[in-house]
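Each remark here refers to the structure printed beneath this line.
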Amino acid sequence: MASSTSTVLQNGSPPQSVPDSLSQRIQIIDDTKAFTNDLNAQIERWGLRDAGFSYNVVAVFGSQSTGKSTLLNGLFGTTFDVMDESKRQQTTKGIWMCRGTGMNVMVMDVEGTDGRERGEDQDFERKSALFSLASSEVLIVNLWEHQVGLYQGANMGLLKTVFEVNLGLFGKKDGTNSRTLLLFVIRDHIGTTPLANLEATLTQDVMRIWDSLAKPTELKDSQLRDHFDLAFTALPHKYLVPEKFQEALAALRNRFVSKDDPNFVFKPAYHKRIPADGVAFYMEGIWEQVQTNKDLDLPTQQELLAQFRCDEISGVALSEFNEQAKSQKRPIESGRVVEDLGKMMKSWRTEALARYDRDASRYHQGVYKRKRADLLAALDSTLSPLFLGQLKNLHKSCLVTFKKDMLQGMTGEGYNFADVVEQAREKCEGDFAAGATEAVVEEDSDSWGWEEELELLKEEMRSVANQCRKDETKKMVNLIERTFKKQISEPVELHLNKPAPNMWDSTLKVFKDTLEKAEKQYLAKAKSFDCTEEENDVALADIRQRAWMALRQKVDEQTTDAVVLSKLRAHFEERFRYDEHGIPRVWKPEDDIDSVFKKAKDQTLEIVPLYSKISPADSANSWALPPSAPSLNSSEDDFDFEASLVIFTETKVIDLTNKFRRDADAYYVEAKRSTVSSIAQ
Ligand code: GDP
Ligand code: MG
1 MASSTSTVLQ NGSPPQSVPD SLSQRIQIID DTKAFTNDLN AQIERWGLRD AGFSYNVVAV
61 FGSQSTGKST LLNGLFGTTF DVMDESKRQQ TTKGIWMCRG TGMNVMVMDV EGTDGRERGE
121 DQDFERKSAL FSLASSEVLI VNLWEHQVGL YQGANMGLLK TVFEVNLGLF GKKDGTNSRT
181 LLLFVIRDHI GTTPLANLEA TLTQDVMRIW DSLAKPTELK DSQLRDHFDL AFTALPHKYL
241 VPEKFQEALA ALRNRFVSKD DPNFVFKPAY HKRIPADGVA FYMEGIWEQV QTNKDLDLPT
301 QQELLAQFRC DEISGVALSE FNEQAKSQKR PIESGRVVED LGKMMKSWRT EALARYDRDA
361 SRYHQGVYKR KRADLLAALD STLSPLFLGQ LKNLHKSCLV TFKKDMLQGM TGEGYNFADV
421 VEQAREKCEG DFAAGATEAV VEEDSDSWGW EEELELLKEE MRSVANQCRK DETKKMVNLI
481 ERTFKKQISE PVELHLNKPA PNMWDSTLKV FKDTLEKAEK QYLAKAKSFD CTEEENDVAL
541 ADIRQRAWMA LRQKVDEQTT DAVVLSKLRA HFEERFRYDE HGIPRVWKPE DDIDSVFKKA
601 KDQTLEIVPL YSKISPADSA NSWALPPSAP SLNSSEDDFD FEASLVIFTE TKVIDLTNKF
661 RRDADAYYVE AKRSTVSSIA Q
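The opening position of the sequence shown corresponds to residue 1 in this note's numbering, with each subsequent residue numbered one higher.
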């Protein structure tokens with residue numbers, strides 16, 4: 001064992017006694033950043049498949065050509081490529097893995113160029129570093145002594161990024177988050193600066209990096225020691241003091257091999273607790289996560305160029321598009337429904353995209369696609385207000401047509417209101433849907449929906465129809481009132497011209513019959529209006545009240561002073577100037593003018609009270625009077641039915657009586673004179 005170790009240490013290649021399969025190395029991640037399919041099989045070939053938890057993983061971190069591979073080969077007897085001094089040739093990029101000779105250790109080495117020199121390689125540098133950190137128990141941080149304290153030179157910037165993303169990606173995996181040992185190996189240590197001083201500087205640097213990290217909120221207060229342990233060692237110059245170098249290397253090697261070494265590095269706390277047969281799968285998963293993590297992505301030169309050019313191309317397409325779109329902005333804003341707007345918008349949009357695609361699709365596909373989505377969003381944000389404006393205008397114009405159609409449908413007799421509404425509604429909705437569908441730029445997309453506007457339109461149609469119905473009902477009631485007035489006019493006049501105790505009974509009968517007809521007329525018409533019961537009740541009460549007022553008006557007309565006086569005169573004359581056979585009287589001196597006069601006058605005066613109040617002789621006829629129901633209009637709220645029965649007051653009765661007496665007296669005097677003159681002849 002001891003001799004095989006020294007063989008390894010001296011020439012950096014595996015001893016002859018080690019079987020080939022054990023010294024095989026595998027490229028687990030190739031230069032296309034693909035993870036190997038062969039790791040599981042390789043672990044089996046290394047004889048580690050059934051090792052359970054009895055294995056360790058170590059990786060290395062550091063600038064190019066700092067002797068990392070040399071160190072690993074020296075420590076673990078691995079076969080990683082070492083740069084050939086004479087050729088200064090770059091080895092193939094990727095992450096390599098070997099099994100440590102004579103130990104259950106999987107060792108990873110990273111090959112690549114220094115990222116800072118060539119932008120595009122930073123991506124791999126970051127990802128491989130993060131992968132190494134996340135998957136190993138011990139990460140060897142390899143650096144020259146003269147790099148200590150130099151932030152850039154010692155790759156501290158990269159370390160910061162890697163810490164940050166590591167924390168974000170893997171920091172909260174579980175509560176008992178396994179720690180990792182960062183083993184700083186200082187190369188070409190001359191010895192003038194004691195290790196303790198270098199250690200202090202490096203510790204300070206790492207702490208400063210830790211404090212400056214953007215930590216996830218749930219890890220805000222986490223400390224460096226919750227995640228990492230730090231250890232330090234120094235190696236003398238390999239070529240200037242080769243013996244000392246080998247000595248130090250052997251001592252360091254012991255820390256990896258011997259559990260009895262007080263500084264044994266593979267503490268159980270660092271183990272990821274993945275059984276050896278699951279390591280391949282586990283590491284592939286970590287790589288997958290590292291690969292898909294956006295925080296690590298750095299745009300390559302190609303992407304930077306694509307971003308610049310795609311922005312330019314998109315800008316040109318957008319400005320041409322904006323010119324086109326502007327042409328319809330005014331018309332829409334002024335309330336017009338622009339014909340074929342949808343067709344136009346679709347063609348502007350397609351043209352702009354085609355223009356962009358033609359020039360931009362040659363660039364980096366990811367950038368091209370992302371910028372295309374941005375362009376599309378910009379196009380749509382211009383088209384959307386046009387679309388919404390068109391809907392609004394369409395809504396307005398459809399509603400106007402709806403009103404027109406309603407009014408047209410309601411002309412003439414015998415139309416069915418419900419049918420008129422239904423027809424106008426169907427047409428309106430159809431017109432709107434057709435116009436709206438035309439304006440849609442992209443079907444099956446939430447941004448081009450018009451259902452909401454249609455709902456608003458429907459709502460307004462309902463309210464227009466409602467208003468029409470109310471107007472129509474009102475017109476109908478007016479018409480019924482006019483007809484009613486015409487119908488009662490003659491019969492009432494006739495009855496009131498025949499003063500008799502049952503004069504009011506017959507008048508009220510006319511009223512009742514005519515009102516019944518009017519109510520029937522209303523109900524027949526109201527059927528097609530979809531009126532509610534309550535609306536019908538209100539309308540009928542209105543009709544009744546108006547009918548009653550019409551009757552009262554007719555009665556008033558027939559009972560003005562002049563009309564009543566002339567009625568009284570006629571009544572009186574009939575009895576005084578004509579005998580019971582209707583023959584005109586020629587007074588003779590022997591005639592008893594006084595008694596005839598008195599009788600005629602008294603009979604006439606009896607009818608004055610008859611006209612003063614509407615009161616049927618038969619109380620059974622009071623049914624004809626309208627109910628004193630609450631009236632329709634608030635202005636008539638204080639309508640007093642009882643008061644409306646009175647036609648004239650007591651004073652008026654006396655006044656009329658007196659006026660009539662004077663007329664009657666004149667007839668008397670005239671009669672007396674006629675006898676005198678007949679004597680004189
Ligand atoms: P890597 O790129 O970090 O893996 O470095 P290599 O292991 O390939 O070595 C790069 C060069 O450094 C080679 O020419 C080695 O011979 C040389 N080298 C290796 N170890 C040491 C060392 O301890 N000190 C010095 N000065 N050179 C070394
Ligand atoms: Mg190397």
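The beta carbon of each residue, even a glycine, is placed where N, CA and C say it ideally should be.
Buried or exposed (CB count within 10 angstroms, at least 16 for buried), residue i
i	result
Q365	exposed
V400	exposed
A325	buried
A664	buried
L379	buried
I583	exposed
H146	exposed
T66	buried
A550	buried
N73	buried
E472	buried
S445	exposed
V676	exposed
G435	buried
Q328	buried
L494	exposed
M344	buried
T437	exposed
Residue i beta carbon near ligand 1 (any heavy atom closer than 8 angstroms)
i	result
V82	yes
E111	yes
T233	no
G366	no
Q27	no
Y239	yes
D31	no
T66	yes
N142	yes
G62	yes
F163	no
F245	yes
D311	no
D205	no
Residue i - containing beta strand (DSSP E), residue span
i	result
T687	It is not possible to answer for residue 687, since the shown part of the chain is limited to 1 through 681.
N56	N56 to F61
G685	Nothing can be reported for residue 685: it is not among the residues displayed for the chain, which extend from 1 to 681.
E111	V105 to E111
Distance CB(residue i)-CB(residue j) smaller than 9 angstroms
i	j	result
A617	N497	no
L568	I607	yes
G335	N393	yes
G94	G77	no
L240	L252	no
F387	A439	yes
L181	F228	yes
W587	K672	yes
P385	I313	no
F35	M283	yes
D205	G149	yes
R469	D530	yes
Heavy atom of ligand 2 within 8 angstroms of residue i beta-carbon
i	result
S69	yes
Extent of the continuous alpha helix (DSSP H) to which residue i belongs
i	result
N393	Q365 to G409
I29	Not the alpha helix (DSSP H): I29 falls in the beta strand (DSSP E), residues R25 to I29.
R482	E451 to L496
C428	F417 to A439
I332	K329 to E333
Evaluate contact between the segment 184–192 and the segment 156–166, counting only Cβ atoms and requiring at least three cross-stretch pairs below 8 angstroms. The segment 184–192 vs the segment 156–166: no contact.
Would you be able to state if there are at least three C-beta pairs under 8 angstroms between the segment 271–284 and the segment 45–59? They touch, by the three-pair rule.
Whether or not the segment 58–77 and the segment 99–110 are in contact is what I'm after, with contact meaning three or more pairs of Cβ atoms, one per stretch, closer than 8 angstroms; do they touch? A contact exists between the segment 99–110 and the segment 58–77.
Touch test, the segment 443–460 against the segment 506–515, Cβ-Cβ under 8 angstroms, three pairs minimum: Counting C-beta pairs closer than 8 angstroms gives fewer than three between the segment 443–460 and the segment 506–515, which falls short of the contact rule.
Using 8 angstroms as the cut-off, can you tell me whether the segment 538–545 makes contact with the segment 643–662, which would need three or more C-beta pairs spanning the two stretches below that distance? Between the segment 538–545 and the segment 643–662 there are fewer than three C-beta pairs closer than 8 angstroms, too few to call the two in contact.
Would you say the segment 342–358 touches the segment 407–419, given that touching needs at least three Cβ pairs under 8 angstroms? By the criterion of at least three beta-carbon pairs nearer than 8 angstroms, the segment 342–358 is not in contact with the segment 407–419.
Do the segment 257–270 and the segment 198–214 make contact, defined as three or more Cβ pairs closer than 8 angstroms? As far as the Cβ criterion goes, the segment 257–270 does not touch the segment 198–214, which means the pair count is below three.
Inter-stretch contact (C-beta, 8 angstroms, three-pair minimum) for the segment 558–573 and the segment 528–535: They do not touch, by the three-pair rule.
Cβ pair count under 8 angstroms reaching 3, the segment 20–40 against the segment 244–263: At 8 angstroms Cβ cutoff, the stretches do not touch.
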